[in-house]
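Student: Have a look at the structure that comes next, please.
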Amino acid sequence: MSTLKNHVQLIGNVGQEPTITNLESGKKVARFSIATNENYKNNKGEKVQSTDWHTVVAWGKTAEIIDNYVGKGKEIALTGKLRTRTYTTDDGNQRYVTEVEAKEVLLLGNKNDK
Numbered sequence: 133m134s135t136l137k138n139h140v141q142l143i144g145n146v147g148q149e150p151t152i153t154n155l156e157s158g159k160k161v162a163r164f165s166i167a168t169n170e171n172y173k174n175n176k177g178e179k180v181q182s183t184d185w186h187t188v189v190a191w192g193k194t195a196e197i198i199d200n201y202v203g204k205g206k207e208i209a210l211t212g213k214l215r216t217r218t219y220t221t222d223d224g225n226q227r228y229v230t231e232v233e234a235k236e237v238l239l240l241g242n243k244n245d246k
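For the sequence shown, the numbering used here gives the first residue as 133, with consecutive numbering after it.
Shown next, in the form of structure tokens:
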């Protein structure tokens, strides 16, 4: 059961081109957003689509895969865990960010899409 703790699985479409950063240590970091859609019928029987946006961070080899094969609109599946971090803005306000730290990425959709 310990593998179920803090475990995230998402299937969705990439919202914008991933931002790739090469750190001084030689490690690569990829940051991007993914949209997941849910379809359901409301009380009136009308079909409704709800979209949620998730911020994703990937490191190392996972970031390299994203750099080489993932682009805006690409459908992907990923597994990872939630990470929360804080930072202080230039005007002194403290902000909290929750991100999905991707461990594995599965490329879906057409082979030729990036």
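Glycine included, each C-beta is placed from N, C-alpha and C at the ideal position.
Roughly how far, in whole angstroms, is the beta-carbon of E236 from the beta-carbon of L210, given that I think they are within contact range, below 8 Å?
Tutor: That belief holds up - the Cβ atoms of E236 and L210 are roughly 6 Å apart, short of 8 Å.
Student: Return the bridge partner residues of G212 from the DSSP annotation.
Tutor: DSSP lists V140 and A234 as partners of G212.
Student: List, from N- to C-terminal side, the alpha helix (DSSP H) runs of 4 residues or more that fit wholly inside the region 174-222.
Tutor: Complete alpha helix (DSSP H) runs here, min 4: 192-201.
Student: For a test of the three-state rule: what should DSSP assign to V242, helix, strand or coil?
Tutor: In the sequence as presented, Val is not what sits at residue 242; that position holds Asn. N242 falls in the coil class under three-state DSSP.
Student: Tell me, which residues are paired with N169 by DSSP?
Tutor: For N169, which the question treats as bridged, DSSP gives the partners T183.
Student: Between the C-alpha atoms of Y228 and T221, what's the straight-line distance to the nearest angstrom?
Tutor: Near 11 Å, if we compare the C-alpha coordinates of T221 and Y228.
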